[in-house]
Amino acid sequence: MTRFPLGIIALIIVSVLVYFGLAHRILDRLRISDKAALGILAAMVVGSFIDIPIAFGRVDASINVGGGLIPIGLAIYVLTKAGSRKEWFRTLIATGVTGVVIYYVGSILMRGNPGGPFDMLDPVWMFPIIGGLVAYIAGRSRRSAFIAATLGVLLLDIFNWIYLLTTGTPGRVPIGGAGAFDSIVLAGIIAVLLAEIIGESRERLQGGPASRGRDPELLNNLENAEYASSMGIKEKPEKQGTGPRKQEAGDSDE
50 MTRFPLGIIA
60 LIIVSVLVYF
70 GLAHRILDRL
80 RISDKAALGI
90 LAAMVVGSFI
100 DIPIAFGRVD
110 ASINVGGGLI
120 PIGLAIYVLT
130 KAGSRKEWFR
140 TLIATGVTGV
150 VIYYVGSILM
160 RGNPGGPFDM
170 LDPVWMFPII
180 GGLVAYIAGR
190 SRRSAFIAAT
200 LGVLLLDIFN
210 WIYLLTTGTP
220 GRVPIGGAGA
230 FDSIVLAGII
240 AVLLAEIIGE
250 SRERLQGGPA
260 SRGRDPELLN
270 NLENAEYASS
280 MGIKEKPEKQ
290 GTGPRKQEAG
300 DSDE
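For the sequence shown, the working numbering begins at 50 and goes up steadily by one.
See the structure below:
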């Protein structure tokens, strides 16, 4: 009997949580509405069955719509909502670091040390757990962690594709497809959950979001009233009663 894809099961569970409003806070941090999230999740499920062939060299490659194109597009969208250039830079660095770590574990440690500690866990779980942990540590914010984890796992397929092309080795690379789809979905979920749990704990311990010493550009980008309300950020009253209101606190996304 064919195993039902773990990634699709995870997407269904997340869809139920979103539908009942249990993931509203996390979606606010990612600047995604509930309706948009449900649409994206449905598109990922349907797209997981669609592969687009890529004719390039001797490598039989393809990119999966649900596990490749949609995660890339979603990551780019979330990145455009970053509060500052510093967060942009940190997210890109975190993505690269995550991809390199996963590639090192999968291609060097696991292959070069069969029967070692990294063989104790299925790669479907190994890569998301490593990706989620590294992505959060390197990116720190919820947005950065989500982007770095999903694209970091996706980079494993891209690195493999580049290797086959540069060495002239024939092979097949389903970018974002097969087991990679499960790992990409799980990595994004694990990274966001880690960021939410740790970030929320830090905020409660320090008595609320920190604003002192935060990037002024980041503070100026926080003008979404609904987002501010969900974050518990107080707004300054306008002296003249007109114009947009600025918030006192910075992005507590870390």
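Backbone N, C-alpha and C fix where the C-beta goes; we use that ideal spot for every residue, glycine too.
A distance below 6 Å between beta-carbons, with the five flanking residues on each side excluded, links Pro-177 to the following residues of its chain, in chain order: Ser-232, Leu-235, Ala-236 and Ile-239.
With three or more CB-CB distances shorter than 8 Å, the segment 121-133 counts as touching the segment 179-196. Residue state for Ile-81 is assigned as coil, using DSSP reduced to three classes.
Judged by DSSP secondary structure, Ile-224 falls within the beta strand (DSSP E) whose first and last residues are 220-224. For Asp-171, there is no enclosing alpha helix (DSSP H), as DSSP gives it neither H nor E. If you ignore the 5 residues before and after Val-183, its C-beta comes within less than 6 Å of the C-beta of Thr-147 and Val-150, all in its own chain and listed in chain order. Phe-105: member of the beta strand (DSSP E) spanning 100-105, first to last residue. In the structure shown, Ala-131 falls within a coil segment according to DSSP collapsed to helix, strand and coil. The DSSP-derived three-state label of Ser-111 is strand. Its Cα nearest to that of Gly-248, the residue Arg-78 stands out among Ile-58, Arg-78, Ile-112 and Trp-174. In chain order, Ile-112, Gly-117 and Asp-206 place their CB closer than 6 Å to the CB of Ile-224, counting only its own chain and leaving out the 5 sequence neighbours on each side.
Leu-123 and Tyr-68 have their C-alpha atoms spaced approximately 19 Å apart. DSSP, reduced to helix, strand and coil, places Ser-190 outside both helices and strands of the structure shown, so it counts as coil. The C-beta separation of Leu-90 from Ser-82 comes to about 13 Å, leaving the pair out of contact by the 8 Å criterion. Non-local C-beta neighbours of Val-173 in its own chain, meaning closer than 8 Å and more than five positions away in sequence, comprise Leu-55, Gly-228, Asp-231, Ser-232 and Leu-235, ordered along the chain.
The beta carbon of Arg-107 is closer than 6 Å to those of Pro-219 in its chain, skipping five residues each way along the sequence.
In the three-state reduction of the DSSP assignment, Pro-120 falls in the helix class.
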